[in-house]
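Notes to accompany the following structure.
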Amino acid sequence: MVTRQRIKEYLRGRPHHLNGSEIKKVQEWASQLELISDN
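Heads up, the numbering used here is the position in the sequence shown plus 3, with the first residue counted as 1.
Set out below in structure tokens:
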């Protein structure tokens, strides 16, 4: 499961300007990607 905390840890130390709703979109995208690559 991709959590917001994992995304924040991933982005930590990288310059980024994501607000909360953009992080949520990334979280949803990453979750879908994880489901696709789960097999």
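C-beta atoms are modelled at their ideal positions from N, C-alpha and C, and glycine is treated no differently.
Model, not experiment: these values are computed from the prediction.
| Check | Outcome |
| --- | --- |
| DSSP-derived helix/strand/coil call for Arg17 | coil |
| 8 angstroms Cβ cutoff met for Ser34 and Val5 | yes |
| Nearest-angstrom Cα separation, counted from Leu21 out to Arg15 | 12 angstroms |
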